[in-house]
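Chemist: Sending over a structure as structure tokens; questions will come in a sec.
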Amino acid sequence: MGGVSASLAMLGDIQIAEPNARIGFAGARVVEQTIYLANPRGFCAGVDRAIEIVERAIEKHGPPIYVRHEVVHNKYVVKNLKNKGAIFVDEISEVPSGSVVIYSAHGVSQVVRKETNDISAIIYDATCPLVTKVILIGHAGHPEVEGTLGQATENNNITLVESTSDVEKIDLQKDRDISFTTQTTLSVDDTNEIVDALKVKFPNIQSPKKSDICYATQNRQDSVKEVIKHSQILIVIGSKNSSNSNRLKEIADNKDKPSYLIDGPEDIDNEWLDGISSIGITAGASAPEILVQEVVSFLMSNGGSEVIELGGAEESLMKKYDIYGIGAAIVDTEVIVSDSFLSDNEIGKGLMTLVDEERQKYLIDSLTTQRIPVKMSCGGSACNSVVAASQFGSATFFSGKVADDEVGVFFAKDLNKSGVEFHQVEPSNGVTGASLELSYREVDEKALANSDWLYIEGYVVTDDQRTSVARDAMKFAKQNGVKTSLSLSDPFVVEVFSENIKTIIGDDGLDLIFCNGDEARSFTGTHTIEAAAEELKKYAKTFAITRGPGGSLVFDGTRLIQTAGVMASAVDTNGAGDMFAGSFLFALGQGKDFGWAADFANAASSRVKPLMSVKKSLV
Numbered sequence: 001m002g003g004v005s006a007s008l009a010m011l012g013d014i015q016i017a018e019p020n021a022r023i024g025f026a027g028a029r030v031v032e033q034t035i036y037l038a039n040p041r042g043f044c045a046g047v048d049r050a051i052e053i054v055e056r057a058i059e060k061h062g063p064p065i066y067v068r069h070e071v072v073h074n075k076y077v078v079k080n081l082k083n084k085g086a087i088f089v090d091e092i093s094e095v096p097s098g099s100v101v102i103y104s105a106h107g108v109s110q111v112v113r114k115e116t117n118d119i120s121a122i123i124y125d126a127t128c129p130l131v132t133k134v135i136l137i138g139h140a141g142h143p144e145v146e147g148t149l150g151q152a153t154e155n156n157n158i159t160l161v162e163s164t165s166d167v168e169k170i171d172l173q174k175d176r177d178i179s180f181t182t183q184t185t186l187s188v189d190d191t192n193e194i195v196d197a198l199k200v201k202f203p204n205i206q207s208p209k210k211s212d213i214c215y216a217t218q219n220r221q222d223s224v225k226e227v228i229k230h231s232q233i234l235i236v237i238g239s240k241n242s243s244n245s246n247r248l249k250e251i252a253d254n255k256d257k258p259s260y261l262i263d264g265p266e267d268i269d270n271e272w273l274d275g276i277s278s279i280g281i282t283a284g285a286s287a288p289e290i291l292v293q294e295v296v297s298f299l300m301s302n303g304g305s306e307v308i309e310l311g312g313a314e315e316s317l318m319k320k321y322d323i324y325g326i327g328a329a330i331v332d333t334e335v336i337v338s339d340s341f342l343s344d345n346e347i348g349k350g351l352m353t354l355v356d357e358e359r360q361k362y363l364i365d366s367l368t369t370q371r372i373p374v375k376m377s378c379g380g381s382a383c384n385s386v387v388a389a390s391q392f393g394s395a396t397f398f399s400g401k402v403a404d405d406e407v408g409v410f411f412a413k414d415l416n417k418s419g420v421e422f423h424q425v426e427p428s429n430g431v432t433g434a435s436l437e438l439s440y441r442e443v444d445e446k447a448l449a450n451s452d453w454l455y456i457e458g459y460v461v462t463d464d465q466r467t468s469v470a471r472d473a474m475k476f477a478k479q480n481g482v483k484t485s486l487s488l489s490d491p492f493v494v495e496v497f498s499e500n501i502k503t504i505i506g507d508d509g510l511d512l513i514f515c516n517g518d519e520a521r522s523f524t525g526t527h528t529i530e531a532a533a534e535e536l537k538k539y540a541k542t543f544a545i546t547r548g549p550g551g552s553l554v555f556d557g558t559r560l561i562q563t564a565g566v567m568a569s570a571v572d573t574n575g576a577g578d579m580f581a582g583s584f585l586f587a588l589g590q591g592k593d594f595g596w597a598a599d600f601a602n603a604a605s606s607r608v609k610p611l612m613s614v615k616k617s618l619v
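Residues in the sequence shown are numbered consecutively from 1, following the UniProt record's numbering.
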């Protein structure tokens with residue numbers, strides 16, 4: 001037990017009566033008190049993130065901004081944000097059209113999301129990543145539960161379970177695909193009995209992945225159990241409507257220890273402290289540390305002699321990502337055009353044609369004038385790969401540069417719809433998809449450090465600024481134990497910018513390189529796939545070379561594995577390489593070996609249909 005002692009404040013004319021007692025101002029006998037602080041306590045990472053989003057939105061847009069429900073369940077926090085310009089509403093109908101709207105940490109339903117889109121609001125989603133994860137274990141009426149239930153669709157029903165008796169009432173066939181998740185403010189201890197009942201009734205039920213479980217509640221409950229071993233009473237700092245704060249109080253109640261739930265020091269009744277020599281203090285996941293310190297200061301000036309902080313579980317960002325992607329944020333505009341349109345505008349058929357901002361605008365205006373049907377979706381090489389992985393079930397994060405324009409807003413929304421988290425960064429001036437300079441501030445180091453894989457597209461090497469960002473991201477990933485991967489992306493890019501690619505790879509190499517046969521030969525300066533494979537071993541521990549109809553050649557660190565291709569009818573295979581990389585990384589994340597991963601990725605990439613985006617190809 002590690003302790004931190006605070007000095008005793010001497011206030012007024014206090015006389016020492018006996019070794020363990022003091023005489024207070026009113027002449028009452030006050031026993032010296034040891035204060036035990038629970039750790040961890042207070043803000044969890046999800047609450048920190050939600051408050052930061054609200055504060056940054058106010059800073060960017062100015063007040064007022066509108067928050068759907070209390071962003072977190074704490075009076076102090078809500079009052080502080082109100083003073084800064086936040087307006088908390090229960091219904092979107094209370095929000096003026098075009099306003100800034102923030103979803104609370106508890107999440108919202110699909111209905112609320114549609115209502116917000118209908119009023120053309122600027123949306124910031126502060127939903128805790130672990131809320132948006134199906135049998136649901138939780139309390140009816142809790143905002144998080146309502147938000148999760150609101151994700152239900154006609155094909156994906158969600159059943160709320162509050163007790164073991166509710167489990168008995170579930171009418172589902174045992175051979176159906178069933179999974180369960182839990183309200184994040186319930187600990188593992190809170191739900192164990194219900195989970196056991198579910199597993200008995202549905203032996204094949206799927207549990208949430210470890211990375212999808214919020215341990216903040218469990219950690220705080222464990223720390224309280226330790227604190228009450230040393231304390232006569234427990235003071236919990238948190239609001240009355242905070243579910244997890246009430247659970248902390250109940251732990252002490254169940255041990256027959258007096259416990260009190262307070263908003264701040266002004267709620268403390270001196271009678272609670274009469275004859276008490278040891279006091280435990282903790283705080284709910286929505287209570288800021290400043291309230292803890294104010295309570296400690298109050299107690300130290302009213303009999304406290306020492307503060308001891310008990311050690312507990314260390315906490316980091318609560319969500320883990322399978323893949324963190326970095327690349328260009330591009331909106332794919334898919335159209336059916338004639339050969340004459342391509343000829344008139346000097347666009348090579350079946351090839352990628354790079355255009356500047358002025359020509360991009362000209363081409364889009366030409367399509368609009370001719371009233372050619374347009375289909376849009378978030379795109380870009382790395383974006384396509386993380387979207388593909390997300391569609392299969394990976395937890396993914398993407399960083400790219402967007403402008404403060406309609407296309408940038410569309411990109412962020414469509415990416416989120418695809419199940420990929422996007423960094424919370426202020427948009428830049430310019431045009432999304434053209435003339436935007438990626439900087440290292442677009443890299444979320446917390447999210448990257450909590451990822452299994454970093455995946456970067458080769459197109460970032462086409463200028464020195466983006467190359468330096470990719471180099472620094474790779475370096476950070478290596479320092480934090482994150483596996484590194486790079487796609488060479490394009491034969492032209494490899495031929496012209498091979499030195500920049502080597503800068504990103506670094507002297508110590510990467511964990512995995514993706515490339516096709518042409519890229520492999522061009523990068524290594526060889527003439528055969530076999531020779532290129534040998535040279536690639538100098539740059540990466542493993543690699544995957546796609547060969548179109550010839551399947552793929554992968555190296556798992558010890559052996560080369562040739563896998564067969566899958567027949568496909570597509571005449572335009574743009575995006576197949578992106579699909580291969582995303583599918584391959586997904587398979588590795590599932591613990592599959594390189595041979596299995598390559599076969600899976602071959603099959604997935606064969607389904608990239610002509611004139612269809614990667615995510616649509618999975619339908």
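For each residue, glycine too, the CB sits at the ideal point set by N, CA and C.
(1) Would you mind reading off the limits of the beta strand (DSSP E) that contains residue 307?
(2) Any idea if residue 601 is buried or exposed, counting beta-carbon neighbours within 10 angstroms, 16 or more meaning buried?
(3) Mind checking which residues open and close the alpha helix (DSSP H) that includes residue 47?
(4) Indicate the three-state DSSP secondary structure (helix, strand or coil) for residue 387 in the structure shown.
(5) Suppose the cutoff is 7 Å on Cβ atoms and the five residues either side in sequence are ignored; what does the same chain contact list for residue 503 look like?
(6) Using a Cβ-Cβ cutoff of less than 6 Å, which residues in the same chain neighbour residue 623 once the five nearest sequence positions on both sides are dropped?
(7) According to DSSP, residue 421 sits in a beta bridge with which residue or residues?
(8) Please name the residue or residues paired with residue 68 in a DSSP beta bridge.
(9) Which residue from 581, 86, 200 puts its Cα closest to that of residue 457?
(10) What does the Cβ neighbour count give for residue 604, buried or exposed, with the cut at 16 atoms within 10 Å?
(11) Could you name each continuous alpha helix (DSSP H) segment of 4 residues or more that falls completely within the segment 464-494, going from the start of the chain to the end?
(12) From the DSSP output, in three-state form, read off residue 331 for me.
(13) Can you list, in chain order, the residues of its chain whose CB lies under 6 Å from that of residue 620, leaving out five sequence neighbours each side?
(14) Name the residue from 339, 74, 395, 101 whose alpha carbon lies nearest to the alpha carbon of residue 86.
(15) Between the Cα of residue 483 and the Cα atoms of 461, 508, 463, which residue gives the shortest distance?
(16) Name the two residues that bound the continuous alpha helix (DSSP H) containing residue 121.
(17) Alpha helix (DSSP H) containing residue 532: first to last residue?
(18) Compare the beta carbon distance of residue 231 and residue 297 with 7 Å and say whether it is the shorter of the two.
(19) Can you give me the C-alpha to C-alpha distance between residue 401 and residue 197, rounded to a whole angstrom?
(20) With three or more C-beta pairs closer than 8 Å as the rule, is the segment 280-295 touching the segment 554-568?
(21) Does DSSP classify residue 415 as helix, strand or coil?
(22) Hey, how far is the Cα of residue 162 from the Cα of residue 419?
(23) How many whole angstroms separate the CB atoms of residue 42 and residue 283, which I take to be in contact at a CB cut-off of 8 Å?
(24) The ligand GDP heavy atoms versus the CB of residue 85: any closer than 6 Å?
(25) Helix, strand or coil for residue 254, going by three-state DSSP, please let me know.
(26) If you check the beta carbons only, do residue 97 and residue 120 fall under 7 Å apart?
(27) Among 238, 323, 271, which has the Cα closest to the Cα of residue 281?
(28) Starting from residue 513 and walking both ways along the beta strand (DSSP E), at which residues does that stretch end?
(29) Who does residue 259 pair with in a DSSP beta bridge?
(30) What residues in its chain sit with their C-beta under 7 Å from that of residue 546, if we drop five residues either side in the sequence?
(31) Ends of the beta strand (DSSP E) at residue 541?
(32) Kindly indicate which three-state DSSP category residue 600 falls into: helix, strand or coil?
(33) Can you give me the start and stop residues for the beta strand (DSSP E) that residue 577 sits inside?
(34) For residue 265, I'd like the list of residues in its chain whose CB is within less than 6 Å of its CB, leaving aside the five on either flank, ordered along the chain.
(35) Where do the ends of the beta strand (DSSP E) carrying residue 322 lie?
(36) Around the Cβ of residue 240, are there at least 16 other Cβ atoms within 10 angstroms (buried) or fewer (exposed)?
Modeler: Straight from the coordinates:
(1) 304-309
(2) buried
(3) 45-61
(4) helix
(5) 467, 471
(6) Summary: the structure shown does not reach residue 623, with the chain confined to residues 1 through 619, and so no result is reported for it.
(7) In the DSSP secondary-structure assignment, residue 421 is bridged to 397.
(8) 89, 103
(9) Residue 457 has its Cα closest to that of 581, out of 581, 86, 200.
(10) buried
(11) Runs found: 464-479.
(12) Strand, per DSSP.
(13) Lying outside 1 to 619, the shown extent of the chain, residue 620 is not represented and no answer is given.
(14) 101
(15) For residue 483, the nearest C-alpha among the options comes from 508.
(16) Here residue 121 belongs to no alpha helix (DSSP H), and DSSP marks it neither H nor E.
(17) 529-536
(18) no
(19) 48 Å
(20) no
(21) helix
(22) 28 Å
(23) 4 Å
(24) Absent from the structure shown: the ligand GDP. Ligands present: none.
(25) helix
(26) yes
(27) 238
(28) Start and end: 510-516.
(29) 234
(30) 516, 552, 577, 580
(31) From DSSP, the beta strand (DSSP E) with residue 541 extends over 540-546.
(32) Helix at residue 600.
(33) No beta strand (DSSP E) holds residue 577; the alpha helix (DSSP H) holding it covers 576-589.
(34) 294, 295, 298
(35) 321-326
(36) exposed
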